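To start, the structure itself, in structure tokens.
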Amino acid sequence: MLIRRSDRRTRTRGLFEDAPPDGGLDRRTFLRRSGLTGGLAALGELSLGSVRKTAAGAPPPAGAAVTTRKSICTHCSVGCTVLAEVANDVWIGQEPAWDSPINRGSFCAKGAAVRELVSGERRLKYPMKIVSGRWTRISWEQAIGEIGDKLLDIREKSGPDSAYWLGSAKMTNEGAYLFRKFAALWGSNNVDHQARICHSTTVTGVANTWGYGAMTNSYNDIRNSKTILIWGGNPARAHPVSLQHILEGAELNRANLIVVDPRLTRTAAHATEYVRLRPGTDIPVFYGMMWHILQNGWEDKEFIAQRVYGFDEVRKEIQKWTPEEVERVSGVPGEQLKRVAQMFATQKPATLVWCMGVTQHSVGTANVRAASIALLLTGNVGGPGLGANIFRGHDNVQGATDCGVDVTSLPFYYGLTEAAWRHFGRVWQIDYGWLQSRFVSKQNMETPGIPISRWFDGVLLPRSQVDQKDNVRALWATGFGSNAIGRIPEAMKGMAKLDLLIVVDPHPTTWASLSVEAGRKDGTYLLPACTQFESSGSRVASNRSIQWGEQIVKPLFETKDDYEIIYLMAKKLGFADVLFKNIAVEGDRPVPEDILREINRAGWSTGYTGQSPERIKLHMANQKDFDLVSLRAAEGPCKGDYYGLPWPCWGKPELKHPGSANLYDTSLHVMDGGGTFRARFGVQYNGVNLLAEGSYSKGSDIKDGYPEFTYALLNKLGWD
Ligand code: SF4
Numbered sequence: 011m012l013i014r015r016s017d018r019r020t021r022t023r024g025l026f027e028d029a030p031p032d033g034g035l036d037r038r039t040f041l042r043r044s045g046l047t048g049g050l051a052a053l054g055e056l057s058l059g060s061v062r063k064t065a066a067g068a069p070p071p072a073g074a075a076v077t078t079r080k081s082i083c084t085h086c087s088v089g090c091t092v093l094a095e096v097a098n099d100v101w102i103g104q105e106p107a108w109d110s111p112i113n114r115g116s117f118c119a120k121g122a123a124v125r126e127l128v129s130g131e132r133r134l135k136y137p138m139k140i141v142s143g144r145w146t147r148i149s150w151e152q153a154i155g156e157i158g159d160k161l162l163d164i165r166e167k168s169g170p171d172s173a174y175w176l177g178s179a180k181m182t183n184e185g186a187y188l189f190r191k192f193a194a195l196w197g198s199n200n201v202d203h204q205a206r207i208c209h210s211t212t213v214t215g216v217a218n219t220w221g222y223g224a225m226t227n228s229y230n231d232i233r234n235s236k237t238i239l240i241w242g243g244n245p246a247r248a249h250p251v252s253l254q255h256i257l258e259g260a261e262l263n264r265a266n267l268i269v270v271d272p273r274l275t276r277t278a279a280h281a282t283e284y285v286r287l288r289p290g291t292d293i294p295v296f297y298g299m300m301w302h303i304l305q306n307g308w309e310d311k312e313f314i315a316q317r318v319y320g321f322d323e324v325r326k327e328i329q330k331w332t333p334e335e336v337e338r339v340s341g342v343p344g345e346q347l348k349r350v351a352q353m354f355a356t357q358k359p360a361t362l363v364w365c366m367g368v369t370q371h372s373v374g375t376a377n378v379r380a381a382s383i384a385l386l387l388t389g390n391v392g393g394p395g396l397g398a399n400i401f402r403g404h405d406n407v408q409g410a411t412d413c414g415v416d417v418t419s420l421p422f423y424y425g426l427t428e429a430a431w432r433h434f435g436r437v438w439q440i441d442y443g444w445l446q447s448r449f450v451s452k453q454n455m456e457t458p459g460i461p462i463s464r465w466f467d468g469v470l471l472p473r474s475q476v477d478q479k480d481n482v483r484a485l486w487a488t489g490f491g492s493n494a495i496g497r498i499p500e501a502m503k504g505m506a507k508l509d510l511l512i513v514v515d516p517h518p519t520t521w522a523s524l525s526v527e528a529g530r531k532d533g534t535y536l537l538p539a540c541t542q543f544e545s546s547g548s549r550v551a552s553n554r555s556i557q558w559g560e561q562i563v564k565p566l567f568e569t570k571d572d573y574e575i576i577y578l579m580a581k582k583l584g585f586a587d588v589l590f591k592n593i594a595v596e597g598d599r600p601v602p603e604d605i606l607r608e609i610n611r612a613g614w615s616t617g618y619t620g621q622s623p624e625r626i627k628l629h630m631a632n633q634k635d636f637d638l639v640s641l642r643a644a645e646g647p648c649k650g651d652y653y654g655l656p657w658p659c660w661g662k663p664e665l666k667h668p669g670s671a672n673l674y675d676t677s678l679h680v681m682d683g684g685g686t687f688r689a690r691f692g693v694q695y696n697g698v699n700l701l702a703e704g705s706y707s708k709g710s711d712i713k714d715g716y717p718e719f720t721y722a723l724l725n726k727l728g729w730d
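Numbering (my numbering), first residue to last: 11 to 730.
Following this line, the structure appears as structure tokens:
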């Protein structure tokens, strides 16, 4: 839902200027208040009576059995496997998995310290709320009861959109999917997560170019590249273990390693060519690179003729970006850019890696489109060693996005149309009329919610400028630090005005500390969630491989996992029986394997249908069988599969589709992981056929490109 803003303010002043005149925060104050310098402000408010002395537990008795359990590092999207040693239900040691084709016995410093997340002293141990400005310990029963009563009251008086559901890329697929379903049954599309800030621009940019909003290949596949162009990314810091694939591959292949970044980063220090550009000039530099490609005839003419629409329009735009103009705007010398262009276009396969340096701009989607055009121009999409290798951030940012924790869509990019709701009504076995009755109106049900980057506008703007029944009055934030969002001074004002703020996290996070600073005296709750190491479920690495994390230890202190918290809240709000109609609940904990089975029944659009819990667990147990470069199992019970069954993994699990290691690879049969571009704008425009004529995956029945598949089309073809 759009917020109408009649008084658009320009943001020309930095957030952290000294002594902002409007009472905002300077950098030093922000760090102090957000608990990043010396102890959490929130805990500073605790009375000493609630602090107890702690002591180390007894060591495991001599001869106690030490078991090894597998989970996935929660720090970044590379997806390194953690081998945890457990004795007496205590996590006593950890090793990187030698068998994992992703990390092969290595961790970075962040991964080496994940045990700290569980046993660290900053854990939130029990539910708390602010009473008259002080944090006070309460029970789970009291917390759920009070929060539920307040939410129901807000819903009745102001409508369901007055509660905002903020989910997380730290959730498992099952947690994220359940969270989106919960918001749908509550009756609102005000549900979002971190990808809005980091890679929603990527999803929009690449999905609208060739079909899917995801990294096309894998970290491992970069070993096949002859030219690796890293643009606006610093994997040496953000995705360290990926460097073992990039640097080893570059060395073995004698590949070109080009880094484009305003800063000489640690990654740039390894580059064979470092391009320093002025911040924010990515589009001119991309176009400048393409200018050299066209000028020298290095473009892939066959690829363009077959698979690109509107190229002449782009050519006109590119012609404006002469070397002189690009250097004037960006500072990049023409001769250097010509060298880079030549390598990227002619020393193939070439891959383009990008990250936050491309996406987190006011023109992020346009940056991504420019990157995609560069790949199309050079024919560098759809095979090994090529592609858009977009490094995601959090460990499950891809999965949480796929599972629809998103204001614009139901899970798996179905959108919010009536047809999409009817699809999920069928999957959930919920009557469409009942679903609709949960929303203010049908129109509201089919309208995107407020993006998380502007949640506080939903709180602060005059009622007439917020396009929903009433302002946002309650915010539920799971696994999301408030400092991830810009405009912090306004966010503080939004926090102060909320009737209800619920923070669900293993740590108090900046919501807790800043809400105290914002002057909240009551109506703020902290619910202690456990880490993913104390729960189980699947997560999607950046390359779309799905990996299952086992529970390493039971939730410590009084913490609970996301599934149980969602269940308790749904029970209190009165729709647990509908939410869990086809999902078993043991005690108060929904079974994640059952949630994944429901995901399999729902995810036909994206090929989330073949990755049953049994298949994914089999991959985790047989990691040694998967090839380091192709990610394919050459032997063993998973023979023929790609590691983690990267989506799309078509059909039901029994079909045994191997997953798709590299998207849009027409050299392979679909049943072998091949595929084509997906047209998303119909089949014809201005009298021109939009289908890729003569481009089809091996063994395909259709030989003139693929239209977007809908149920109606499948029905017409007799394939339903
Ligand atoms: Fe964890 Fe990422 Fe480091 Fe691997 S590279 S150990 S996933 S932080």
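We put the CB at the ideal spot given by N, CA and C, even for glycine.
Keep in mind the model is a prediction, meaning the values are calculated, not measured.
| Asked | Found |
| --- | --- |
| Cβ neighbours of LEU257 in the same chain (closer than 7 angstroms, five flanking residues each side left out) | HIS280 |
| Where the beta strand (DSSP E) containing ARG147 begins and where it ends | 144 to 147 |
| GLN346: first and last residue of the uninterrupted alpha helix (DSSP H) it sits in | 344 to 356 |
| Cβ-Cβ distance between SER548 and ILE626 below 8 angstroms | yes |
| Where ILE512 falls: helix, strand or coil (DSSP) | strand |
| Endpoints, beta strand (DSSP E) assigned at LYS139 | 138 to 141 |
| ASN610 classed as buried or exposed, judged by whether at least 16 other C-beta atoms fall within 10 angstroms | buried |
| Minimum C-alpha distance to ALA528 - residue among SER670, VAL563, MET505, THR541 | MET505 |
| Option nearest VAL450 by Cα separation, candidates SER168, GLY715, VAL368 | SER168 |
| Burial state of LYS708 (16 or more Cβ within 10 Å) | exposed |
| Neighbourhood of ARG15 by C-beta distance below 8 angstroms, restricted to the same chain and skipping five residues each side | Caution applies to ARG15, whose pLDDT of 43 falls short of 50 and renders its modelled position unreliable; the value that the coordinates give is listed next. So the list reads ASP467, LEU471, GLN475, once near-sequence residues are dropped. |
| Cβ pair count under 8 angstroms reaching 3, the stretch 436 to 450 against the stretch 188 to 199 | yes |
| Contact check, CYS365 vs ALA248, beta carbons under 8 angstroms | yes |
| Contact test: GLY121 Cβ vs ligand 1 heavy atom, cutoff 7 angstroms | yes |
| HIS775 in three-state terms, based on DSSP | Any answer about residue 775 is impossible in this case: the structure gives the chain only from 11 up to 730. |
| Counted within 10 angstroms of its Cβ, other Cβ atoms place LEU732 as buried (16 or more) or exposed | Because the chain is modelled from 11 through 730, residue 732 falls outside the range shown and cannot be assessed. |
| Cβ contact check for the stretch 212 to 228 and the stretch 336 to 344: 3 or more pairs under 8 angstroms | no |
| Buried versus exposed, by CB contacts within 10 Å (16 or more), THR77 | exposed |
| Residue burial classification, GLN439 (beta-carbon count within 10 angstroms, cutoff 16) | exposed |
| Beta-carbon proximity of HIS517 to ARG133, cut-off 8 angstroms | yes |
| Own chain residues within Cβ distance below 6 angstroms of LEU267, not counting five before or after | ILE238, ALA260, ALA281, THR282 |
| Start and end residues, alpha helix (DSSP H) containing SER210 | 210 to 220 |
| Opening and closing residue of the alpha helix (DSSP H) in which GLY155 lies | 150 to 168 |
| Secondary structure, alpha helix (DSSP H): runs of 4+ residues fully inside the stretch 377 to 421 | 407 to 412 |
| Strand pairing of PHE636, partner residues [DSSP] | ALA643 |
| Which listed residue (THR388, ALA398, GLY414) has its alpha carbon closest to that of VAL378 | ALA398 |
| Reduced DSSP category for LYS80 - H, G, I as helix; E, B as strand; rest coil | strand |
| Counted within 10 angstroms of its Cβ, other Cβ atoms place TYR423 as buried (16 or more) or exposed | buried |
| Residue environment, PHE490, which counts as buried when at least 16 other CB atoms sit within 10 Å | buried |
| Per-residue DSSP class, three states only, for ASP202 | strand |
| Rounded Cβ spacing between ALA205 and THR411 (contact assumed at less than 8 angstroms) | 5 angstroms |
| Under the three-state DSSP convention, the category LEU678 falls into | coil |
| Separation of ASP310 from THR541, as counted between CA atoms | 48 angstroms |
| Rounded straight-line distance, which links the Cα of PRO668 to that of LYS662 | 11 angstroms |
| As assigned by DSSP and simplified to three states, the class of LEU727 | helix |
| Range covered by the beta strand (DSSP E) that runs through LEU536 | 534 to 538 |
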